[in-house]
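To keep things clear, I will list the structure first and then write my remarks on it.
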Amino acid sequence: MRMINYKENPEHKTAIIEINRPKQLNALNNEVITELSNKLNIIEKNSTIRSVIITGVGDKAFVAGADIKEFQNFTKERAIELSKSGKIKLFNKISHFPKPVLSAINGYALGGGLELALSTHIRVSSSSAKLGLPECSLGLIPGYSGTQKLPQVIGVNLAMEMILTSKIINAEEAYRIGLVNHVVAQKDLLDKCLKICKLFHGASPESLSSAIKSINSCYLHNGNDIESTEFGALFETDNFKEGVNAFMQKRKPNFN
Ligand code: DAK
C-alpha cells in the first residue's frame, strides 16, 4: 500500500498530498517521510503546480505523531542522525519550500504531526482537530523542529507551557493563540485550503518564493542542532523506555 495519495487540482494549480495510514492514525514512519520528500522534489520542478496542500486520510487524524513503534528502540546516535536527516529530508524542506505549503489539519495533529503542520506555511484546521506536542509525556522532547517552530508561531511563554505540560488543545484554542490560521467545519476543510491557494495566483511564483525565504530568515540560528542533540540523549534514559512501554501497554507511565 502506498503511504501517500497524490492528486493535482489544475484549476487551483495545487498538489494535494494525503498521508495514508489511517489505521495507525497516519503516524509518520520512515516510508511516509521518504515518500513525502520524494514527492516534494517532483512538485518543486513542476511549474504548473503553484502550491501544495498536505492532509491525512480519514476524519480522525492529520498525523498522530511519529510512529512510536518504529522509534522505540533507537540508540542515541540513530536518534540524532534521524532527527537531523528528517529535518533535511522533510521538515526543513517544507519550511523552505519555494511554493506555499498548507496543512489541512483534519483531526489529531500530535507530536511529529504537529511538527509537520508547523513546518507548513499556512495551517487550516477542522473544528474537531486536536493539537499538541506531548513528547515529554513519553520521556522525550520534540525532535523535528517543534521546540524551534512552536515558540516562533505562538510565542515562548505559551510554547513552554504546551511542551512542558504535554497539553493537547482543541482547534478553537489553537486559533485563539495563533497556532492555526483558520478553523472550519471538517467538510469545508479542503475547499477553504483551495480558496487560499487561488489567492496565490495573484502573485508571481518568484515573489512567493522570495517572500517565504525572507520571512524564514528572521529565525536563523542554531537551535535545531541543540534540539537534535538533546533529543538523542533522551533515547538512553529509562524513563523514555518506560514512556513508550506504557503507551504500548495502554497504561499511564510511571516515571522515576
Ligand atoms: N505511533 C504509532 N501508532 C499510533 C500512534 C503513534 N504516534 N498513534 C496512534 N497509533 C495507533 C495506536 O497504537 C492504535 O493501534 P492499534 O492498537 O489499533 O494497533 C491505533 O493507532 C489507533 O489508536 P488508538 O486506539 O490509541 O485511538 P484512540 O482514539 O483511542 O486514541 C490518540 C487516539 C491520538 C489519543 C492515541 O492514539 C494516542 O495518544 N496516540 C499517541 C499520540 C502521541 O503521543 N503522539 C506523539 C508521539 S511522539 C524522532 C523524531 C520525532 C519524534 C520521534 C522520533 N526521530 C528523529 C527518531 C516524534 C515523536 C512523537 O511524535
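Numbered per my numbering, the sequence shown spans residues 1297 to 1552.
Note that beta-carbon positions come from the ideal geometry of N, C-alpha and C, so glycine has one too.
If we ignore side chains and look at the alpha-carbon of each, how far apart do residue i and residue j end up?
| i | j | result |
| --- | --- | --- |
| Ile1390 | Asn1334 | 12 Å |
| Asn1301 | Val1353 | 9 Å |
| Ile1418 | Ala1311 | 15 Å |
| Leu1324 | Gln1545 | 20 Å |
| Asp1487 | Ile1313 | 15 Å |
| Cys1432 | Lys1365 | 17 Å |
| Val1328 | Ala1413 | 15 Å |
| Phe1387 | Leu1516 | 15 Å |
| Asn1337 | Lys1385 | 10 Å |
| Asn1453 | Pro1447 | 8 Å |
| Val1420 | Lys1303 | 19 Å |
| Glu1468 | Val1479 | 7 Å |
| Ser1343 | Glu1307 | 14 Å |
| Tyr1404 | Gln1320 | 12 Å |
| Asn1550 | Phe1536 | 11 Å |
| Ala1481 | Asn1466 | 13 Å |
| Pro1438 | Pro1430 | 8 Å |
| Ile1464 | Gly1407 | 10 Å |
Verify the contact flag: residue i, CB atom, against every heavy atom of the ligand DAK, threshold strictly below 8 Å.
| i | result |
| --- | --- |
| Gln1320 | yes |
| Ala1375 | yes |
| Ser1379 | yes |
| Asp1363 | yes |
| Ser1433 | yes |
| Glu1468 | no |
| Pro1430 | yes |
| Lys1356 | yes |
| Tyr1440 | yes |
| Glu1411 | yes |
| Leu1485 | no |
| Leu1427 | no |
| Ala1529 | no |
| Gly1382 | yes |
| Leu1406 | yes |
| Leu1436 | yes |
| Phe1367 | yes |
| Ala1542 | no |
| Phe1370 | yes |
Can you say whether residue i is buried or exposed, counting buried as having 16 or more other CB atoms within 10 angstroms of its CB?
| i | result |
| --- | --- |
| Lys1548 | exposed |
| Ile1350 | buried |
| Ile1376 | buried |
| Gly1451 | exposed |
| Arg1346 | buried |
| Lys1309 | buried |
| Lys1383 | buried |
| Ser1506 | exposed |
| Thr1461 | exposed |
| Gly1495 | First, the amino acid is wrong: residue 1495 is Leu here, not Gly. Exposed, by the Cβ-count rule. |
| Ile1511 | exposed |
Relative to the C-alpha of residue i, which residue among the options is closest?
| i | options | result |
| --- | --- | --- |
| Leu1427 | Leu1436, Ala1455, Asn1388, Asp1363 | Ala1455 |
| Ser1445 | Glu1469, Leu1410, Thr1461, Leu1436 | The question names Ser, but residue 1445 is Lys in the sequence shown. Residue Leu1410 is the option with its Cα nearest to Lys1445. |
| Arg1298 | Gly1382, Glu1331, Lys1309, Lys1463 | Glu1331 |
| Gly1442 | Val1480, Lys1356, Gly1361 | Gly1361 |
| Val1540 | Glu1469, Val1420, Leu1434 | Leu1434 |
| Ile1522 | Pro1318, Lys1380, Asn1342 | Lys1380 |
| Phe1326 | Ser1510, Lys1319, Leu1378 | The question names Phe, but residue 1326 is Asn in the sequence shown. Among Ser1510, Lys1319, Leu1378, the Cα nearest to that of Asn1326 is on Leu1378. |
| Asn1402 | Asn1342, Cys1489, Glu1340, Ile1437 | Cys1489 |
| Leu1475 | Lys1483, Met1458, Gln1482, Asp1484 | Met1458 |
| Val1449 | Tyr1471, Leu1460, Ser1462, Ile1437 | Tyr1471 |
| Asp1484 | Val1359, Asp1355, Ile1511 | Asp1355 |
| Ala1357 | Ser1462, Lys1494, Ser1424 | Ser1424 |
| Gly1519 | Tyr1440, Leu1429, Pro1430 | Tyr1440 |
| Asn1552 | Asn1477, Gly1407, Asp1534 | Asp1534 |
| Asn1305 | Leu1429, Thr1416, Val1348 | Val1348 |
| Glu1532 | Leu1436, Ile1511, Leu1495 | Leu1436 |
Under 8 Å: does the beta carbon of residue i sit that close to some heavy atom of the ligand ATP?
| i | result |
| --- | --- |
| Glu1526 | For the structure depicted, the ligand ATP is absent and the ligand set comprises only the ligand DAK. |
Between the segment 1523 to 1530 and the segment 1368 to 1376, can you find at least three pairs of beta-carbon atoms closer than 8 Å?
yes
Would you say the segment 1394 to 1403 touches the segment 1487 to 1501, given that touching needs at least three Cβ pairs under 8 Å?
yes
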